[in-house]
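**Student:** Questions regarding the structure given below will be posed in turn.
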Amino acid sequence: MTARTFVFIVCSLSGRVGKTTAARLLGDYYLASRRDFRGFDTDAHEPDFALRFSERVAIADLNTIQGQMALIDPLLADDGVPKIVDLWHRTLEPFFAVIDNTGFIAEALARGVEPILLYVDDGTPRTAEVTARIAERYPDLRLILVENEIVEREAAPEARPLTAHSFRIGKLDPTLRATIDDPGFSLSRFMLAPPPDMSIVLRAALRDWVWRIFSQFKSFELRMTLSETEHLG
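Residue 30 in full-length UniProt numbering sits at position 30 of the sequence shown, with consecutive numbering throughout.
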């Protein structure tokens with residue numbers, strides 16, 4: 001038995017909360033590790049994730065059967081290539097309707113594919129409510145909370161969701177934000193070979209910010225590998 005193929009579904013009920021940033025960071029993590037990934041963007045209007053990785057990310061319109069097939073069928077491939085779905089907040093309900101109708105989660109697990117839902121906290125009390133409903137409705141779906149420190153929080157600490165794992169995206173200095181928002185800037189290329197003309201101050205600050213996030217992804221992978229090994233043993 002080989003390790004499962006990961007399918008990361010990055011979502012939130014709200015827009016502009018750093019969902020695409022989370023998907024982008026995950027994609028760049030694999031590329032910086034000299035591994036590949038396959039991605040899907042369900043926002044046909046502003047497909048920023050697809051534009052960032054034009055050779056690896058396809059646009060899937062969930063309003064059509066063809067678009068649903070273009071998304072769901074490749075996610076079931078146990079080919080060792082991680083999949084990353086940037087789920088537009090307006091397609092959240094249609095997506096869950098599709099996975100309900102197709103029995104996607106059970107089918108994926110049976111094929112050796114591990115679906116992982118990355119829910120991006122929007123800083124409001126409803127995050128706890130939504131994640132609790134998802135966990136209850138899909139007990140076999142691994143749920144991870146993504147905390148984006150750039151987002152202002154309305155919820156008190158005691159109202160935060162309780163999940164087994166979480167990822168944290170740290171705050172960004174405005175100069176760093178402007179750098180990574182450049183359409184031509186690649187975080188993976190930066191980590192592998194920083195531009196020689198970049199300020200060493202900017203380079204150090206950005207590398208530290210990215211590394212803090214990438215190290216969380218790495219730790220998660222190690223935990224999953226250990227869990228799989230213990231299961232096989």
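Every residue, glycine too, gets a C-beta built ideally from N, C-alpha and C.
Which class does His89 belong to by DSSP, given the choice of helix, strand or coil?
**Tutor:** Looking at His89 - three-state DSSP - the assignment turns out to be helix.
**Student:** Name the two residues that bound the continuous alpha helix (DSSP H) containing Thr21.
**Tutor:** Here the alpha helix (DSSP H) through Thr21 covers Lys19 to Ala32.
**Student:** Just checking, does the stretch 188-198 make contact with the stretch 30-40 on the three C-beta pairs under 8 Å criterion?
**Tutor:** In short, these stretches touch, since the Cβ pair count reaches three.
**Student:** Have a look at Asp79 and Pro115 and give me their C-alpha separation to the nearest angstrom.
**Tutor:** Rounded to the nearest angstrom, the two C-alpha atoms are 14 Å apart.
**Student:** Between Leu202, Leu75, Val81 and Phe96, which has its C-alpha nearest Glu107's C-alpha?
**Tutor:** Nearest of Leu202, Leu75, Val81 and Phe96 to Glu107, Cα basis: Leu75.
**Student:** Quick one: Cα of Ala132 to Cα of Ala77, how far?
**Tutor:** Cα to Cα, the separation comes out at about 29 Å.
**Student:** Rounded C-beta distance between Ser219 and Val120? I'm assuming under 8 Å.
**Tutor:** At roughly 19 Å, the Cβ-Cβ gap does not stay under 8 Å, so Ser219 and Val120 are not in contact.
**Student:** Considering just the uninterrupted stretch of the beta strand (DSSP E) at Asp41, what are its terminal residues?
**Tutor:** Taken as a continuous stretch (DSSP letters only), the beta strand (DSSP E) holding Asp41 covers Arg38 to Asp41.
**Student:** Measuring CB to CB, does Ile84 end up less than 8 Å from Leu26?
**Tutor:** Yes; because the gap between Cβ atoms is below 8 Å, this pair is in contact.
**Student:** Of all the alpha helix (DSSP H) runs that stay within the bounds of the stretch 101-131, which reach a length of 4 or more residues?
**Tutor:** Fully enclosed alpha helix (DSSP H) runs of 4 or longer: 104-110.
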